[in-house]
Each structure stands twice: as structure tokens, then as C-alpha cells.
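Visitor:
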Amino acid sequence: MMAGFSHTSSQSVVTGMVIAFLQNIPPFQFLAPTELARLASHMTLEFFPKDAVILSAGGPKSEVLYVVHKGGVKLALSSQVGKRMTLDMRSEGEMFGLLSVMGREPARLDVTAIEDTLCYSIPAEEVQRLMSTQPEFASYLIRISLSRYMDRSLQALRTQAGLMGDSERLLYSLAAGDVVSSPPLLCQRETTIREAAQMLASTNATCVFVVGGDGAAEGILTDRDFAAKVVSEALSLELPVTRIMSRPVITVEGNERVFHALLAMVSRNIHHVLVTHQGVPAGVLTAHDLMVLQGKSPLNVVRHLEEQGSVTDLAAAQSRVAGLLPLLLREGAKASHITRVVAEVNDRLTVKVLRLAEKKLGPPPVPYCWVVLGSEGRREQTFKTDQDNALIYADAEGRDDVAEYFTQLAAFTQDALAACGYPACPGNYMASNPRWRQPLRVWLNYFRSWISEAERHQTEDALILFDMRPVSGDFSLFESLMVEKRRCLADAAQFKSMLAFVSTQNKPPLGFFRNFVVERSGEHKNQLDLKLFGTGPIVDAIRLLALDADVEHTNTSDRLAALPARRDQDPVLFQDLQEAFEFLTLLRIECQLRQVREGRPLSNYVAPEALTHLQRSLLKEAFRAVARVQSVIDENFRTALWAQLSR
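Position 102, counted from 1, in the sequence shown is what our numbering calls 129; the numbers after and before it change by one each time, with no gaps.
1) Does the distance from the CB of Arg464 to the CB of Leu418 come in under 9 Å?
2) Mind listing, in chain order, the continuous beta strand (DSSP E) runs of no fewer than 3 residues lying wholly within the segment 55-99?
3) Between Asp422 and Arg462, is the Cβ-Cβ spacing less than 9 Å?
4) Considering only C-alpha positions, which residue in the set Leu82, Leu104, Gly86, Gln161 is nearest to Met122?
5) Are the CB atoms of Leu262 and Val368 nearer to each other than 9 Å?
6) One question on the structure: do Val128 and Val91 come within less than 9 Å of each other, judged by their Cβ atoms?
7) For a test of the three-state rule: what should DSSP assign to Val633, helix, strand or coil?
8) Quick check: the Cα distance between Ala654 and Glu403, rounded to an integer number of angstroms?
9) Helix, strand or coil: how does DSSP classify Thr113 here?
10) Would you call the CB atoms of Leu526 and Ala489 closer than 9 Å?
11) For Thr486, which residues in the same chain have their Cβ closer than 6 Å to its Cβ, ignoring the five residues on either side in sequence?
12) Buried or exposed for Lys77, going by 16 or more other Cβ atoms inside 10 Å?
13) Check the C-beta distance from Gly120 over to Val138 and give it rounded, since I have them as a contact under 8 Å.
14) Could you work out which residue in Asn416, Ser363, Ile141 is closest to Asp374 when comparing CA atoms only?
15) Does Val45 pass the burial test, meaning 16 or more other C-beta atoms within 10 Å, or should it be called exposed?
16) On the three-state DSSP scale, how would you describe Pro497?
17) Name the DSSP beta bridge partners of Lys101, please?
18) Counting only the same chain and skipping the five closest in sequence on each side, list residues whose C-beta sits under 7 Å from that of Glu132.
19) Within its chain, find whatever has a CB closer than 6 Å to the CB of Val238; leave out the 5 residues flanking it on each side and keep chain order.
20) Starting from Trp463, follow the alpha helix (DSSP H) in both directions and report where the run begins and ends.
21) Please check the pair Tyr432 and Leu376, which I expect to be a contact at CB under 8 Å, by giving their CB distance rounded to whole angstroms.
22) CB Leu504 to CB Tyr395, shorter than 9 Å?
23) Taking contact to mean at least 3 C-beta pairs separated by less than 8 Å, is the segment 572-591 in contact with the segment 620-636?
24) Checking the sheet assignment: what are the DSSP bridge partners for Cys234?
25) Here's the rule: buried if 16 or more other CB atoms are within 10 angstroms of the residue's CB, otherwise exposed. What is Thr303?
26) Could you tell me whether the Cβ atoms of Ala79 and Thr144 are closer together than 9 Å?
27) State the start and end residues of the unbroken alpha helix (DSSP H) segment that holds Val302.
28) Excluding sequence positions up to five away, which residues of its chain have a Cβ less than 8 Å from the Cβ of Ala84?
29) Verify whether the separation of the beta carbon atoms of Asp603 and Ala568 is less than 9 Å.
30) Taking all protein chains shown into account, decide if Leu471 is buried (16 or more other Cβ within 10 angstroms of its Cβ) or exposed.
31) Could you tell me the alpha carbon to alpha carbon distance between Phe522 and Trp477, rounded to whole angstroms?
32) Give me the Cα-Cα distance between Glu606 and Glu648, rounded to the nearest whole angstrom.
33) Thinking just about the alpha-carbon of each residue, which of Arg295, Ala223, Cys146 is nearest to the one in Phe74?
34) If you draw a straight line from the alpha carbon of Phe236 to that of Arg406, how long is it in whole angstroms?
35) What three-state label does DSSP hand Pro591 in the structure shown?
36) Where does Gly189 sit, in a helix, a strand or coil, going by DSSP?
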């Protein structure tokens, strides 16, 4: 049943009711009264009885944007095995059909009325008109579209593999609190080691948490603590548990995804994570729990790698690493979460290789720190890429044996990583290159020289080296280098200006009429590079702003999250860049997965014409966000001067 508003005897009354409803709902609240009145004249009210199917996945595209007036609808998705999963519910004041209207493409989900429901419908033509004439209205819908697009893309990847069967419990969609089966074993600070051991023995638990007076966990005791500390040190069993407990306790809130517990275990090499409710212990997750949930989880991949005893065995085992990224995507992990897991697994592989090198060469003559650079340093790798690493070792002037040892260690590691499928860096940013394998004093001089001299070729080196992250060895060497870097950057306006110039050279590929600028010839004719013009410029811009604001993170998303509190700039810009970076990363991964399936070589190129209308719209918005941050950098760091000097 439909009721129109534009041709009734009580037109003004009905129009007033519609305006009163819309003016408190985003994005309609951004419209002037005259615009609201015009919009109301084009709207209709539609009635849908309970269980009525309003939109069907894969069916005709929606010609209207729906706004729920009374009642509610559910949005569902079906897998190839016939399992239906409700993804969202929409109630009074909420919209649906947006992606179909924005993308001019078939609906992606089934939308069904869960009760008798009244919806206002807005013609797609009116939505498009407002998008082109009302900036705040357009900005809100773009932001909503971007978020929903990424969510729907991940869900679609899940169902393509039919992973939604009844027997599956998805590791990346479950909340930690849903997995916990029993409360944690707790004891007080005053509890003796003997009493704690008896508690473990009587309950068959694998750990006990030590809590303070406020109820928060301060430490954890496991079987390993008893063996490594009590037995080996012959400690008295009457000592308090605080004498042997491990700290800090790693926790996740019960409403957080199990993924966060998984990442904590992989990155910290631990086997227990405390699940809390508003900070109070509520349960415990073990590595065994997570491996039961998903036999192919990153925990199993890491364990399998660490069981190998030679480079040959590692090379054979790394096939599991290659399958990790599509598995994570299919199970619904966000792009930014996936790259972190991939980085952690790669770190563990590197550490294993270094241990094999030390086993062959003997213990290092002086402390050293192995660091990774570039996308690996930022934890933003997708599919396996080339090696980017360096080596810092303690000063040992006059000792030829030290330099020779690390020459052999770097060569062994490069060859081993290559055997495991990680090719040598074309730019030779590797520890096997003597330039990037130096004692601490040389590294300190590198950073001083880069920052004080501000030469363009040195600045381009700094772009890669400023994303370095320690992986193995004596991290104090790395920290000493970072302390000196921060000291030098505190008064380095000329260097930052040069860095800003270099960081803004790749402009977004949008023409005068906002059309995409693509390659005109060659292998990638009519395509554009998502890394060179998309994620790369965001990485470069945010690295500069983070260095200027003394943000220590290397990961781009972490830098973006920290910047609003450090810089006096519009926080909306950083939010838009966060969403743009997530979208561009997801789009890159989707394109590369398609290349793998089709047996094509991996690249970052995409043909805009091969994208949906919605993807093209979101890609343009992402490029506009890049242009905005580059404009901010031009204004704040005087890049025009360097542009003139470089001619």
C-alpha cells in the first residue's frame, strides 16, 4: 500500500509531518527547510506486512532509498550451503537500500520486514541530486557507504567459500565472552606458592591469576612458572605467589572479537589470555581453545613453523603461510587486522631463521638487533612481498670477527627467506647489503646526516628506514637509535619540508572533471596503481605527520588513531583517511586474490571500468581524501620552495 504526499488535499499537513520526522535524522538533518520540503514532495509511504521481502540479494537494483518510519527490517545473507545469517537489523529512522542506490547495482542482501512496517521511500534520482548539491548530506552517505561496503565485501568473501555451515564457529565473528566455558581460577597476592599449586592440581586448570584488592588481575601463574622458577631456583613453597608470577596479564574484554585474543597470543608468544567484563576477570581463553575453534588458525601455522628444524623444512612448511590471507578474509577479518596477523607470522618465521643461523654460526660475538623496514615494518604486508630488513649491532671497533660474523648471519638469513618464498629486495634494502648492516654508532650517524643535511636522495632512504621495527635480538640498540632520531627531529624544519615534498609527489589520479587518470599504453593500459596513487600517498603523508607530532607508531592505522590528539587539525580528515586506507587496502587484497585465482602475476593495478559504480564512487572519495591531506602538508611544510629548487 502506498500513500503519496504531492497530490493530496492535506498536502501541507502531511509535508509538515514528514519534515518533522526527517529533520532529526542524519543526513536529512543537514538539509535546509526548503530542501526538506522539496524532498518530502517526492517521497511516498509504503506498507510492508510482516515477513514481506522488500529487497532480494542479486535481484533488481533498488530504485528508492528506504527510511523506516514504523516497524523494522532484517538484512540477511545466504551461503552456498543454504545457511541464512542475519547481519543487521534496521528500525525507526534507519535507512536501507543505500548501497544499491549509490552503486546502481543489484541488492547485496535480502531485506525482510520483521513486523508490519511503514517505510518512507526516496527516489534514487533525488538522492543523487542531493549528493551533488548538498556537501554535508553527501559526506555522511559516502562515509556510511564506505563502512557498509567493506562489511558486505567481507561477508561475500565468506559465503563464496561456503564457510557458514552449522558445524562451523567462525573465529573472527565470535566474541571472546561467547567462547569462554568456565570462570578463571583466582588467588590473592598473599596466597603461597604451595596453595596455588594445590589449587591448580585440584581443578585441572592450566593457570591461576593473581588479583589485587580492586579485583583486577596483576599476574598469572602457569605450569611453566612452577618448573622454571620454583624447581630450578629451589624456592620455598611458603613464599607468596607474587615472587614467581608473570606480568603483565594480557586481557581482552568479553565483547571483543576472539581475533584480538588470537593476535595477542601470536604476537606475545603466550598461551593464556584473560577475558574480562569491565576490567574484572570473567574467563580465560587458551591457545588450545582457539585451535579447537579453527584448525587452520594462525596459531597452528606458527606452531607448525616453530616445529621445523631446518631451512628446507621451513620452506616446505611455509605453504601454510601462503594460504593464511585468503582464509582470514573469508572468515571476515578486516583488512587492517589481516595485515597484522600476516606480519606476526612473518616475524616468527624470521626469528626461527635467525635461530637456525645462530645454531650454525655459533652465538653472536656482540648483541645485535634485527629490524624490518617498509610495509613489513608497518605491519601492512598482504601477500608475500620482497625482503626489507637491516641489522644493528653493538659497537666493537677493531674486531674483524664481529663484522664477519654478521656478514655470514645476514647472508644465511637472506638465502633462507628467499627459499621460503620471500625474494630479495630489488632496491637492496637488506641486511646482506653492508650499508644496512652496521654498528650502532654508524646508524646514529646515518640518522643525524639524513636529518641535518636534508638531501633528497637521503630523504628517500629515510622514508623506508623511518618505518623500521625490531623483530629479534637486543631491542635496546633499536631504542637508542629511536631516542637519537626523536632528538634530531625536534628541530628539523628543513628536513621535514624536504620530506613533505618527497611524500606528496604522487598525486591522486583524478582529472579536471573528476574522471580517473589511467595508463594510456603498455601492459596496464586503462588501469591505475592502487598502491602508487592510493595507499602509498596515505602512508607517506601520515608518516610525516606522525614524525612531526612525535607519534612512535609505525603502523599507518595506529598513526592515524593517535594523530587527532597530537595535531590541531580537523579530526574528520583523519577519520576519512582511516576509512580510505582501509577501503584501498581491502580493494588491493580483493584484486590480488582474483589475480591468484586466475593465475596472473600479482600487481597493484586495477581497471576502473571493471569496478562497480559504488566501488568507483568510493575510490574517488578515497582519492579526494588523499588530495586533502596533501594540501594540508603543502600549507604546513612549505613544499613549494622545494618544488622550485628541484626543477
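Heads up, the beta-carbon is just placed ideally off N, CA and C, and yes, glycines get one too.
Guide: According to the structure data:
1) By one-based count along the sequence shown, residue 464 stands at place 437. By one-based count along the sequence shown, residue 418 stands at place 391. It is a contact, given that the beta carbons lie within the stated cut-off.
2) 71-75, 80-82, 91-97
3) Looking up residue 422 in the sequence shown gives position 395. Looking up residue 462 in the sequence shown gives position 435. Cβ distance not < 9 Å, so Asp422 and Arg462 don't count as in contact.
4) Taking the sequence shown and counting its residues from 1, one reaches residue 122 at position 95. A check of alpha carbon separations from Met122 across Leu82, Leu104, Gly86, Gln161 identifies Leu82 as the nearest.
5) Residue numbering aside, residue 262 sits at position 235 when the sequence shown is read from its first letter. Residue numbering aside, residue 368 sits at position 341 when the sequence shown is read from its first letter. No, these two residues do not count as a Cβ contact at 9 Å.
6) For the purposes of this step, residue 128 is taken as residue 101 along the sequence shown, with counting starting at 1. For the purposes of this step, residue 91 is taken as residue 64 along the sequence shown, with counting starting at 1. Against a cut-off of 9 Å, the Cβ pair of Val91 and Val128 comes out as a contact.
7) In the sequence shown, the residue the question calls residue 633 occupies position 606. The answer is strand: DSSP assigns Val633 an E or B state.
8) Within the sequence shown, residue 654 is the residue found at index 627, counting from 1. Within the sequence shown, residue 403 is the residue found at index 376, counting from 1. Rounded to the nearest angstrom, the two C-alpha atoms are 26 Å apart.
9) Along the sequence shown, one-based indexing puts residue 113 at 86. Thr113: strand per DSSP, three-state reduction.
10) Walking along the sequence shown from the start, residue 526 turns up at place 499. Walking along the sequence shown from the start, residue 489 turns up at place 462. Cβ distance < 9 Å, so Leu526 and Ala489 count as in contact.
11) Taking the first residue of the sequence shown as 1, we reach residue 486 at position 459. Here the set comprises Met525, Leu526, Val529.
12) Position 50 of the sequence shown holds residue 77. Exposed.
13) Position 93 of the sequence shown holds residue 120. Position 111 of the sequence shown holds residue 138. That pair is no contact at about 16 Å.
14) Start at 1 with the first residue of the sequence shown, and residue 374 comes out as number 347. Ranking the options by Cα distance to Asp374, first place goes to Asn416.
15) Counting from one through the sequence shown, the residue named residue 45 turns up at place 18. The residue is buried, with at least 16 neighbouring Cβ atoms inside 10 Å.
16) Position 470 of the sequence shown, counted from the first residue, corresponds to residue 497. Three-state result, Pro497: strand.
17) As a working mapping, residue 101 is identified with position 74 in the sequence shown. Beta-bridge pairing links Lys101 to Met116, Thr139.
18) Counted from its first residue, the sequence shown places residue 132 at position 105. Counting only Cβ-Cβ distances below 7 Å, and skipping sequence neighbours, we find Lys88, Thr639, His640, Leu641.
19) Within the sequence shown, numbered from 1, the residue matching residue 238 stands at position 211. Around Val238, the same chain offers Leu213, Ala244 as residues with beta carbons nearer than 6 Å, after the five sequence neighbours per side are excluded.
20) Translated into the one-based positions of the sequence shown, residue 463 becomes position 436. Annotation for Trp463: no alpha helix (DSSP H) segment contains it, and DSSP assigns it neither H nor E.
21) As a working mapping, residue 432 is identified with position 405 in the sequence shown. As a working mapping, residue 376 is identified with position 349 in the sequence shown. No, Tyr432 and Leu376 are not in contact; Cβ-Cβ is about 22 Å, not under 8 Å.
22) Here residue 504 refers to the residue found at position 477 of the sequence shown. Here residue 395 refers to the residue found at position 368 of the sequence shown. Yes; because the gap between Cβ atoms is below 9 Å, this pair is in contact.
23) Contact between the segment 572-591 and the segment 620-636 is not established, with fewer than three Cβ pairs separated by less than 8 Å.
24) Residue 234 sits at position 207 when you count from the first residue of the sequence shown. For Cys234, which the question treats as bridged, DSSP gives the partners Thr249.
25) By one-based count along the sequence shown, residue 303 stands at place 276. By the neighbour-count rule (16 or more Cβ atoms within 10 Å), Thr303 is buried.
26) Against the sequence shown, residue 79 aligns to sequence position 52. Against the sequence shown, residue 144 aligns to sequence position 117. Yes, these two residues count as a Cβ contact at 9 Å.
27) On the sequence shown, residue 302 is found 275 positions in, with the first residue counted as 1. For Val302, there is no enclosing alpha helix (DSSP H); the enclosing beta strand (DSSP E) has its first and last residue at 299-304.
28) The residue you call residue 84 lines up with position 57 of the sequence shown. For Ala84, same chain residues with a beta-carbon under 8 Å away, outside a window of 5 residues either side, are Leu104, Ser105, Pro133, Ala134, Arg135, Leu136, Asp137 in chain order.
29) Here the question's residue 603 lines up with position 576 in the sequence shown. Here the question's residue 568 lines up with position 541 in the sequence shown. No, these two residues do not count as a Cβ contact at 9 Å.
30) Along the sequence shown, one-based indexing puts residue 471 at 444. Looking at its Cβ environment, which holds 16 or more other Cβ atoms inside 10 Å, Leu471 is buried.
31) By 1-based counting over the sequence shown, the position of residue 522 is 495. By 1-based counting over the sequence shown, the position of residue 477 is 450. Approximately 8 Å between the Cα atoms of the pair.
32) Counting from one through the sequence shown, the residue named residue 606 turns up at place 579. Counting from one through the sequence shown, the residue named residue 648 turns up at place 621. Roughly 10 Å between the two C-alpha positions.
33) Reading the sequence shown from its first residue, position 47 is the one you call residue 74. Ranking Arg295, Ala223, Cys146 by Cα distance to Phe74 puts Cys146 first.
34) By 1-based counting over the sequence shown, the position of residue 236 is 209. By 1-based counting over the sequence shown, the position of residue 406 is 379. One C-alpha to the other measures close to 31 Å.
35) Numbered from 1 along the sequence shown, position 564 holds the residue referred to as residue 591. Helix.
36) For the purposes of this step, residue 189 is taken as the residue at position 162 of the sequence shown. Residue placement at Gly189 is poorly supported in this model, since its pLDDT is 40, which falls under 50; the coordinates still yield a value, given next. The answer is coil: DSSP assigns Gly189 none of H, G, I, E or B.
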